[in-house]
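*Asks:* Following this message is one structure expressed as structure tokens.
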Amino acid sequence: MTTSFSGTATGRVGDRAARKPHLAVVGATGAVGSVLLGILSERADIWGEIRLVASARSAGRKLTVRGEEVEVLALSEEVFDGIDVAMFDVPDEVSAQWAPIAAAKGAVVVDNSAAFRLDPDVPLVVPEVNAHAARVRPRGIVANPNCTTLSMIVALGALHAEYGLSELIVSSYQAVSGAGKDGVDTLRSQLAAVSGTELGTTPGDVRRAMGDTLGPFPAPVALNVVPWAGSLREDGWSSEELKVRDESRKILGLPGLRVTATCVRVPVITTHSLTVHARFENEVTVAGAHEILASAPGVVVCDDPEAGEFPTPADVVGTDPTWVGRVRRSLDDPRALELFVCGDNLRKGAALNTAQIAEVVAGEMTA
Ligand SMILES: NC(=O)c1ccc[n+]([C@@H]2O[C@H](COP(=O)([O-])OP(=O)(O)OC[C@H]3O[C@@H](n4cnc5c(N)ncnc54)[C@H](OP(=O)(O)O)[C@@H]3O)[C@@H](O)[C@H]2O)c1
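What follows is the structure, given as structure tokens:
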């Protein structure tokens, strides 16, 4: 069955409690949007109509959600008629322009872009850590953190609640899907080009073979690691590194938290990994950290180095939790832990967290 926009949903506050809220997914055709449609199909079906929206390029395409084919609509003011919650999975500038329009039409926007994350009037929410923040949204917008921060923050929030976080030193190993469909297409075509060759044995041979097929990356990502994600900011920092700092501070409610991040792209399709040096106000133990993490919602401990057990992106991809392994107390600091963390950047790192925030908001509407 194919459904399309009927334009008949009314969706004002008065009648919300009597029916399921209507949802719009803006950016339904993208890397995050595609995973979101799968997640909406798997989770409890709390939504009335689900309306799918993308650019005019995709209008008329049919995508499947909840087992039904739904026609994609081109973004316009009218697509928000009767919508209660609008998820935005589009580039920053599209969100910056259109999220306020959707909010003005009465929808609560859950935005995945960086456009509003640091706006003091927009809460930045990870339901396991600060679900309460989603209730106060002066602009009608709730922001979803960036995928790198999200891939570690559930585990760190749990440890912070017990030990009191004072400093984070983070290195990321980021998957190419963090750069969208273009990132995935680039790695796949580069892998095809290097397969069966002797490339990777002399200086610059991979770069020369790739020519101008670098996609969204500043260097070849196949057979390589690239110490760069995002755009250039002051003093050599990348935008991605500043996001990890600013967003971790906001989510945890720790404006003075010391955070240093180095963000690196690796030839993995999906699932970000991070090494984390986390320093706390109080002394820590590995057994205590294991206990806290094992009982934290949304976290799985996978930490038996003797048995060769630790999380890797190839095993974690497609799963919902934050996976934590290699838990060690720092040799020179009894207040610090060393961790290796993996999280699917398209699920908890983007689409799943968006769906969870939207469920919190929908819960208010139907309460
Ligand atoms: N990938 C990740 O790991 C990740 C994680 C967290 C947050 N995010 C953020 O989520 C957002 C989406 O990322 P993505 O990786 O899914 O990107 P993507 O794969 O490039 O998809 C972009 C989506 O935006 C739509 N779009 C682009 N321009 C538009 C316009 N002018 N009007 C309407 N729709 C438009 C595209 O529609 P068409 O197909 O019609 O062009 C597509 O659905 C970005 O803000 C990104 O920073 C991504």
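Residues in the sequence shown are numbered consecutively from 892, following our numbering. Virtual Cβ for every residue (Gly too), placed ideally from N, Cα, C.
So the alpha helix (DSSP H) Cys1038 belongs to, where does it begin and stop?
*Replies:* For the purposes of this step, residue 1038 is identified with residue 147 of the sequence shown, where counting begins at 1. First-last of the alpha helix (DSSP H) with Cys1038: Cys1038 to Tyr1054.
*Asks:* Give the DSSP bridge partners of Gln1065, in chain order.
*Replies:* Along the sequence shown, one-based indexing puts residue 1065 at 174. According to DSSP, which records beta bridges pairwise, Gln1065 is partnered with Arg1156.
*Asks:* Decide yes or no for the touch test of the stretch 1071-1090 against the stretch 1103-1118: beta carbon pairs closer than 8 angstroms, at least 3 of them.
*Replies:* Verdict: yes, contact present.
*Asks:* Quick one, which of Asp1076, Gly1209, Val1167 and Pro1225 has its alpha-carbon nearest Leu1243's?
*Replies:* As a first step, residue 1243 is located in the sequence shown; it is residue number 352 there, counting from the start. Among Asp1076, Gly1209, Val1167 and Pro1225, the Cα nearest to that of Leu1243 belongs to Gly1209.
*Asks:* Quick one, which of Met1256, His1163, Phe1231 and Ala1187 has its alpha-carbon nearest Pro1204's?
*Replies:* If you number the sequence shown from 1, residue 1204 lands on position 313. Nearest of Met1256, His1163, Phe1231 and Ala1187 to Pro1204, Cα basis: His1163.
*Asks:* If we require 4 or more residues per run, which alpha helix (DSSP H) segments fall completely within the stretch 1088-1148?
*Replies:* DSSP runs (the alpha helix (DSSP H)) wholly in the stretch 1088-1148: 1096-1101 and 1130-1143.
*Asks:* Between the Cα of Glu1053 and the Cα atoms of Ser1221, Ala1187 and Glu962, which residue gives the shortest distance?
*Replies:* Translated into positions along the sequence shown, residue 1053 becomes position 162. Checking every option, the nearest Cα to that of Glu1053 belongs to Ala1187.
*Asks:* Expressed to the nearest angstrom, what Euclidean distance is found between the alpha-carbon atoms of Glu1058 and Pro1111?
*Replies:* Locating residue 1058 in the sequence shown gives position 167, where the first residue counts as 1. Locating residue 1111 in the sequence shown gives position 220, where the first residue counts as 1. Approximately 33 angstroms, taken between the alpha carbons.
*Asks:* Give a single yes or no on whether Val985 has its beta carbon closer than 6 angstroms to a heavy atom of ligand 1.
*Replies:* For the purposes of this step, residue 985 is taken as the residue at position 94 of the sequence shown. Yes, ligand 1 has a heavy atom inside 6 angstroms of this Cβ.
*Asks:* Is the closest heavy atom of ligand 1 to the C-beta of Arg942 under 6 angstroms?
*Replies:* The count along the sequence shown starts at 1 and reaches residue 942 at position 51. Not so, every heavy atom of ligand 1 lies at least 6 angstroms from the Cβ.
*Asks:* Identify whether Glu1229 lies in helix, strand or coil by the three-state DSSP scheme.
*Replies:* Locating residue 1229 in the sequence shown gives position 338, where the first residue counts as 1. Note: Glu1229 maps to strand in three-state DSSP.
*Asks:* Please report the straight-line C-alpha distance between Lys953 and Val961, rounded to a whole angstrom.
*Replies:* The residue given as residue 953 occupies position 62 in the sequence shown. The residue given as residue 961 occupies position 70 in the sequence shown. For Lys953 and Val961, the distance between alpha carbons rounds to 5 angstroms.
*Asks:* Three or more C-beta pairs closer than 8 angstroms, one from the stretch 987-1001 and one from the stretch 968-978: is that the case here?
*Replies:* These segments touch.
*Asks:* Taking DSSP as the reference, what is the three-state secondary structure of Phe1171?
*Replies:* Looking up residue 1171 in the sequence shown gives position 280. DSSP places Phe1171 in strand when its eight states are reduced to three.
*Asks:* Thinking C-beta only, is Gly1240 closer than 7 angstroms to Glu1050?
*Replies:* Taking the sequence shown and counting its residues from 1, the one referred to as residue 1050 is at position 159. Taking the sequence shown and counting its residues from 1, the one referred to as residue 1240 is at position 349. In the sequence on display, residue 1050 carries Leu and not Glu. Cβ distance not < 7 angstroms, so Leu1050 and Gly1240 don't count as in contact.
*Asks:* Residues bridged to Thr1161 by DSSP?
*Replies:* The sequence position of residue 1161 within the sequence shown is 270, counting from 1. Per DSSP, none; premise fails for Thr1161.
*Asks:* From this set, Val1167, Ala1152 and Gly1216, which residue's C-alpha is nearest Ala1178's C-alpha?
*Replies:* As a working note, residue 1178 is residue 287 in the sequence shown. Nearest option by C-alpha distance: Gly1216.
*Asks:* Can you name the start and end residues of the beta strand (DSSP E) that Ile941 belongs to?
*Replies:* Locating residue 941 in the sequence shown gives position 50, counting from the first residue. Here the beta strand (DSSP E) through Ile941 covers Ile941 to Ala945.
*Asks:* How is the beta strand (DSSP E) around Thr1248 delimited, first residue to last?
*Replies:* Numbered from its first residue, the sequence shown carries residue 1248 at position 357. The sequence shown places Ile at residue 1248, not Thr. Taken as a continuous stretch (DSSP letters only), Ile1248 belongs to no beta strand (DSSP E), being part of the alpha helix (DSSP H) at Leu1243 to Thr1257.
*Asks:* What's the C-alpha gap between Trp1128 and Gly958?
*Replies:* Working through the sequence shown from its first residue, we reach residue 1128 at position 237. Working through the sequence shown from its first residue, we reach residue 958 at position 67. Roughly 44 angstroms between the two C-alpha positions.
*Asks:* Determine the burial state of Thr893: buried for a count of at least 16 other Cβ atoms within 10 Å of its Cβ, exposed for fewer.
*Replies:* Numbered from its first residue, the sequence shown carries residue 893 at position 2. At Thr893, the pLDDT of 44 sits below 50, so the modelled position is not reliable and the matter cannot be decided from this model.
*Asks:* Given 8 angstroms as the limit, is there contact between the stretch 1157-1175 and the stretch 1083-1093, that is, 3 or more CB pairs closer than that?
*Replies:* No: the two stretches stay apart, fewer than three of their Cβ pairs being nearer than 8 angstroms.
*Asks:* Is Ala1046 near Leu1165, with beta carbons less than 7 angstroms apart?
*Replies:* Mapped onto the sequence shown, residue 1046 falls at position 155. Mapped onto the sequence shown, residue 1165 falls at position 274. No. Outside cutoff.
*Asks:* Quick check on the burial criterion: 16 or more other C-beta atoms within 10 angstroms. Buried or exposed for Asp980?
*Replies:* Taking the first residue of the sequence shown as position 1, residue 980 is located at position 89. With 16 or more other Cβ atoms within 10 Å, it is buried.
*Asks:* Hey, is Pro982 close to ligand 1, as in C-beta under 6 angstroms from one of its heavy atoms?
*Replies:* Position 91 of the sequence shown, counted from the first residue, corresponds to residue 982. True, at least one ligand heavy atom lies under 6 angstroms from that Cβ.
*Asks:* Just to confirm before moving on: does the CB-CB distance between Leu964 and Val956 stay below 7 angstroms?
*Replies:* To locate residue 964, count along the sequence shown from 1; it is residue 73. To locate residue 956, count along the sequence shown from 1; it is residue 65. No, the Cβ-Cβ distance between Leu964 and Val956 is not below 7 angstroms.
*Asks:* Cβ of Ala993 within 6 angstroms of any heavy atom in ligand 1?
*Replies:* The residue given as residue 993 occupies position 102 in the sequence shown. Answer for Ala993: no, Cβ out of range of ligand 1.
*Asks:* Is the closest heavy atom of ligand 1 to the C-beta of Thr1162 under 6 angstroms?
*Replies:* Taking the first residue of the sequence shown as position 1, residue 1162 is located at position 271. Because no heavy atom of ligand 1 lies under 6 angstroms away, the Cβ of Thr1162 does not count as near it: no.
*Asks:* From this set, Asn1035, Ala1024 and Leu914, which residue's C-alpha is nearest Ala1006's C-alpha?
*Replies:* Here the question's residue 1006 lines up with position 115 in the sequence shown. Cα-wise, what sits closest to Ala1006 is Asn1035.
*Asks:* Can you give me the C-alpha to C-alpha distance between Leu1114 and Gly1121, rounded to a whole angstrom?
*Replies:* As a first step, residue 1114 is located in the sequence shown; it is residue number 223 there, counting from the start. As a first step, residue 1121 is located in the sequence shown; it is residue number 230 there, counting from the start. So the alpha carbons of these two residues sit roughly 20 angstroms apart.
*Asks:* Which residues share a DSSP beta bridge with Gly929?
*Replies:* On the sequence shown, residue 929 is found 38 positions in, with the first residue counted as 1. In DSSP, Gly929 forms no bridge with anything.
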